[in-house]
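Here is the structure we will look at, set down as structure tokens.
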């Protein structure tokens, strides 16, 4: 581009050619810096408003703001008034909680026992035949009803005594409704039945069997016809190896047997149920036959997830081979076991049968039958056993001592019920590792004296259970009715001499690394009446108290924490 010369300059505005750059700057500044003249503005306000519409718009905006503010306040007030009116008409304030919180509260209410219960009411109570907290919640209001219908967990627990359904088809339909409304939630069921299966009861049982894959906790008190019906419905699935009870964790199976019982059914079918329950960890079996041939029994069944086993009134091969099917078992309670005829005939031909070592840590025996008969425990070893509970039923503790000795068990907790005192002392002497002991004695006062004397430390003999930390002693004499008089000379003698002497001898064990007796619980019962209960706790190595006791025969070294009369 060629720059313009002065000679080529042409003014854009005519008449400005006489201005130099300096004079132009002065001229423009004089124009923009001068104030407006008053005589140039309109004389009237109306004329001025027409000339300035922004001022009028600003006034309109202010008016609109005032109207909007009033409208919003009125809407807020209306909303608050509506909430107050609604709150006044509510049955209870809990209704305003969120659905999640209400659902948690409803679950606590409905699942504390059973969401539906059909059973005989307890005597002298106001309970009715049917109890249903879930249905009660649906009667409060439509909001709660819709919420309860949307929560299948509230419909998932049932307790039914089936004979109450007879002649009441509406109750049977209600049970089926509960099952359908529970959706896919795991079920908790408790079913008691009679010998026969009427049509209305069969309707309910079939509905339950259709959803066995959702059973999580099942308690079944059923007769052989019910068990046979179960086999008919589920047999093909059970015996094909499929897992019918996918979510079952806790099973109580009480089979009511009689002389016409199907032995094969009670022998094999309960085991098939266990095998079809991959998550089962607690099994409580009553009244069925597990009398398999001991040889190879453990290779046939393997209930590897069961950790707690309770068995009552059952027949089978040796307990060693029966328990070998439960390799992860920790707690076992046996209430009546009888050797089968085949197993009894095999006694003496045992050279080729292996010994099974169980992982059981707690064993409880409360047998109405002779569980410790010859051959019952011959293939079992329990080296991990630390807790033992035994109830006398005519067998000798010597048999138990033999099992413990061959197993190398080191006991820590022991409960003994009504064994002869001399056997009890002998058993305790052979297990010096016991630190927590509970003994129940029913009989004459002399038995109590004999027991406490045997447990007293004496310098000239080896101490019985030297590691004892806690001791619970319960004594009842159903024929001795003078215990209500605590000043009875015989009772004073026992408390003042034998029991107190035993405690004093164990407060500090001379030459021992043990802490001595830390806790003593003493219960004296006269027939059906509890005369008194004493509880002693140790502070340091001496038993002391926070509340006094006025029975003067107690030695001053200790007194009771709690006293009940």
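Residue numbers (my numbering): 230 to 794. For every residue, glycine included, the Cβ atom is placed at its ideal position computed from N, Cα and C. Quick caveat: nothing in here was measured; it's all calculated off a predicted structure.
Item: Inside the stretch 637-682 only - alpha helix (DSSP H) runs reaching at least 4 residues; Value: 650-658
Item: Residue 727 - DSSP class collapsed to helix/strand/coil; Value: helix
Item: Residue 444 - DSSP class collapsed to helix/strand/coil; Value: strand
Item: Collapsed DSSP secondary structure at residue 478 in the structure displayed; Value: coil
Item: Boundaries (first-last residue) of the beta strand (DSSP E) holding residue 606; Value: Neither: residue 606 is in no beta strand (DSSP E) and is coded neither H nor E.
Item: C-beta contact flag for residue 449 and residue 414 at 9 angstroms; Value: no
Item: Given 8 angstroms, three or more beta-carbon pairs between the stretch 337-348 and the stretch 303-310; Value: no
Item: Three-pair Cβ contact test at 8 angstroms for the stretch 418-425 versus the stretch 367-383; Value: no
Item: CA-to-CA distance, residue 369 to residue 339, given in whole angstroms; Value: 15 angstroms
Item: Distance between beta carbons of residue 606 and residue 548, contact taken as under 8 angstroms; Value: 6 angstroms
Item: Straight-line Cα distance separating residue 673 from residue 696; Value: 28 angstroms
Item: CA-to-CA distance, residue 444 to residue 336, given in whole angstroms; Value: 18 angstroms
Item: Residue span of the beta strand (DSSP E) that contains residue 368, given as start and end; Value: Unbroken run through residue 368: none, as it is neither H nor E.
Item: Nearest neighbour of residue 392, chosen from 729, 653, 422, 398 [CA to CA]; Value: 422
Item: When 628, 684, 462, 752 are compared against residue 661, the one with the closest alpha-carbon; Value: 684
Item: Of the listed residues 747, 706, 447, 682, nearest to residue 698 (C-alpha basis); Value: 747
Item: Residues bridged to residue 306 [DSSP beta-bridge criterion]; Value: Answer is none; residue 306 lacks a bridge partner.
Item: Counted within 10 angstroms of its Cβ, other Cβ atoms place residue 430 as buried (16 or more) or exposed; Value: buried
Item: Nearest candidate by alpha-carbon position, reference residue 682, set 753, 731, 691; Value: 731
Item: Whole-angstrom distance between residue 618 and residue 565, CA atom to CA atom; Value: 14 angstroms
Item: Cβ-based burial, residue 691 [other Cβ within 10 Å; buried from 16]; Value: exposed
Item: Rounded distance between the beta-carbons of residue 559 and residue 513, thought under 8 angstroms; Value: Wrong, their Cβ atoms sit about 15 angstroms apart, outside the cutoff.
Item: Residues of its chain near residue 650, where Cβ-Cβ distance is below 6 angstroms and the 5 sequence neighbours each way are ignored; Value: 676, 679, 680
Item: Residue interval of the beta strand (DSSP E) (run including residue 397); Value: Run containing residue 397: none; DSSP gives neither H nor E here.
Item: Neighbourhood of residue 533 by C-beta distance below 7 angstroms, restricted to the same chain and skipping five residues each side; Value: 556, 557
Item: Per DSSP, cross-strand counterpart(s) of residue 389; Value: 347, 420
Item: First through last residue of the alpha helix (DSSP H) which encompasses residue 339; Value: 328-339
Item: Length of the line joining the Cα atoms of residue 440 and residue 380; Value: 18 angstroms
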